[in-house]
Structure formats: structure tokens, C-alpha cells
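Encoded as C-alpha cells, the structure appears first; notes follow it.
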Amino acid sequence: MYGPPGCSKTLLAQAMATESGFNFFAVKGAELLNMYVGESERAIRSLFARARAASPSIIFFDEIDSIGGQRGSSGRSGSGISTSAGSVHMLTTLLTEMDGFETLTGVFVLAATNRPEAIDPALMRPGRFSDVLYVGPPTQATREAIFGVHLKGLALADDVHVPTLAAETEGYSGAEIRGICEKAGQNVQDRYYDENDDDDDGGEGTAGARLEIAMDDLREAVRNTKPMITRDMIDGYARWAGRFERK
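First residue of the sequence shown? That's 1 in full-length UniProt numbering, and the numbers climb one at a time after it.
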């Protein structure tokens, strides 16, 4: 799975494991990268061994570009990132484990990345990852659903209109929408307690005011949240897809 950050690639992997009932083994590529020399390769071999013993199972590599980066000459990766000998050994170990077709019966390997262009082409050869899935920014309907999830159970003013919020957050990731809801709720709480402190001090205050989120609170949070997904980013994914997506 590849696509912009914050668009639920990790959640999709967890949902696959939950729906299938398979045992789930998840690891972040960066965690393996930060181990001592030799430990990363042992960790990869141990991961596959545990998954085989617990099959049917799913191994999920998050941020796989951290360990599957392109190998290049002079210690540089094809994406311009330094490639240490340890990183090359990790990638070689991963490829060896993935190629163990007979011993991987009942073990499914999933991976996610925000940077598919940084992945070594060897990982993309047929027989290793059989499917390539683009996970893009949420659609209007999906944004409505995301707002619904994160606003559920909160005290909302009558003027809150989720379809309008979804229309005003085109290009935002699911993670950013979650942050908008959290920010709006926090701002309402801060304002509520500030106003009640004024009342306790003898000011006019707002005694009896309801602690609820209004449409203006959510819109203010939207204005203060800059979307990180750019047009160039989306175009870059499209170019990569033209080279590697399975037909």
C-alpha cells in the first residue's frame, strides 16, 4: 500500500487482520533500522519464523522504505538517500525470507509506504508483492464518515453540518480531519473554563453555558490546519504507479 501520509494505510492493515482472524505481526521499518549491526537481520528472520509458526498470519511492514530503500553505488540509494551496509544486509535478508515460497505457506506479507519511489525495485518484482494498492486522500463521502467517527459522542451544537465540513476539507487526510475534531474540542474546553474562571472572579462570565462544539469551532480548526498533501505529491504517486502497479 502506498499513498500520502495520514490516509489510514496502517488502519487498513489492522482491519484486514481483524476481518480475516489471522494472527498479526506488525513492525515499523525504522525500528529495525535503529538496531545494532546484525540484530536487524536476526529480527527479520525471527519475525518470519514466528509468523510461520502462527499461520495463518499477516506480517505488516510499516514504513517499508526504511529497510527496503534502493541500493546504489558509493553507498547512495537511487533516491539520493545514504544506504549503509547494514541497510543492504537487511534488504537482502527480507528478500530471502520473502522468496521462501514453500515455508511461507499461510503467511501473507503486507507493507505500507509514503515514499514508494524510494523502494528498491527488487522488492517490486512479481512474486514478492502480488498487488500494489494506492491509498489516496479520502473522498467527500469518506470525509463525512471520518468526521462522523471522531465527532460521535461529543456535544455538538445544532448548526454543525458534517457534509459542509467534508466539502471544506477536500485534500485533507484522515489524520488531519481527526486532528481538526480534537483541536475544536480542546478549544471549546479551554474557552469554557476560561469563561467560567471569569465568572468565579466576579466578571459577567457564562454561568450555565453548555460545553458543546459549534460549526464555527470546527471551521476555525480547519482554517488553522494546513493540509500536507500537495498536488505534486499526488502527481508523483501517479508517475510511480505507471511503472509498478500490477495490471
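Don't be surprised by glycine CBs; every beta carbon is placed ideally from N, CA and C. A quick note: this is a predicted structure, and the numbers were derived from the prediction, not measured.
When the five nearest sequence neighbours on each side are left out, the beta carbons in the same chain lying within less than 7 Å of the beta carbon of residue 128 are those of 98, in order along the chain.
Unbroken alpha helix (DSSP H) runs of no fewer than 4 residues, entirely contained in the UniProt domain "AAA+ ATPase" (1 to 139), are found at 9 to 20, 29 to 33, 39 to 53, 85 to 98, following chain order. For residue 163 and residue 147, the gap between their C-alpha atoms comes out near 9 Å. Looking at 142, 135, 30, the one whose alpha-carbon comes closest to that of residue 241 is 135.
In the assembly as shown, residue 100 is an exposed residue. Its beta-carbon has fewer than 16 other beta-carbons within 10 Å. Residue 1 and residue 237 have their C-alpha atoms roughly 11 Å apart. Per DSSP, reduced to three states, the secondary structure at residue 151 is helical. In this structure, DSSP gives residue 229 a state outside helix and strand, which the three-state scheme calls coil. Within the DSSP secondary-structure output, residue 213 pairs in a beta bridge with 156. Just so you know, the alpha carbons of residue 13 and residue 150 end up roughly 20 Å apart. When secondary structure is reduced to three states using DSSP, residue 172 falls in the coil class, being assigned neither helix nor strand. Pairing residue 177 with residue 143 gives a Cβ-Cβ distance under 8 Å. Apart from sequence neighbours up to five positions away, the residues of its chain that approach residue 215 with a beta-carbon distance below 6 Å are 159, 160, ordered along the chain.
In the three-state reduction of the DSSP assignment, residue 187 falls in the helix class.
Taking residue 68 as reference, the option from 112, 196, 56, 105 with the minimal CA-CA separation is 112. Counting every other CB atom within 10 Å of its CB across the protein chains shown gives residue 9 a total of 16 or more, marking it as buried.
When DSSP states are grouped into helix, strand and coil, residue 224 belongs to the coil group. Distance from the CA of residue 187 to the CA of residue 153, rounded to the nearest whole angstrom, comes to 17 Å. Using a Cβ distance threshold of 8 Å, residue 55 and residue 107 count as a contacting pair.
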